[in-house]
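Worksheet: the structure to be examined is printed underneath.
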Amino acid sequence: MCIGIPMHVIEVDGAFAWCEGRGRRERLNALLLEELSPGDWVYATLGHAREIITSQQADEINLALDGLAAALQGATDLDAYFPLSSAASMLPSLPLKPEQTA
């Protein structure tokens, strides 16, 4: 299984982009993205920039990856790594009390 990481675009060079993220610099294939500019954040996996993401999404993904690393080191209190900020907006709203049918 592959895990993508958020990367910050430093320079765009035609169909490629130099990006930095999680302590490394990488040249990514950016053909999947129409408009990419220095300063953008991308979700990167297998040498490709797959999607432009917001800086908030990048922060949340990095925090989750930090949580994964902590879990692999034996940490058990992982709640701080997984806040429900943007994920909460994706949850469906449920009624407090189901309506009764006749």
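Numbering (numbering that gives the first Met the number 0), first residue to last: 0 to 101.
Every residue gets a Cβ at the ideal spot worked out from N, C-alpha and C, and that includes glycine.
Here the structure is a predicted model, which is why all the values come from computation and not from measurement.
Within the model, the alpha-carbon separation for ALA79 versus ALA63 is close to 9 angstroms. Our two residues, GLY22 and GLU34, have alpha carbons roughly 25 angstroms apart in a direct line. Here GLU59 carries a helix assignment [DSSP, helix/strand/coil].
Restricting attention to TYR42, PHE15, HIS47, the CA atom closest to the CA of THR53 is found in TYR42.
Counted as a single uninterrupted DSSP element, the beta strand (DSSP E) harbouring GLY20 occupies residues 15-20. Going by beta carbons, ALA14 and LEU32 fall outside the 7 angstroms limit.
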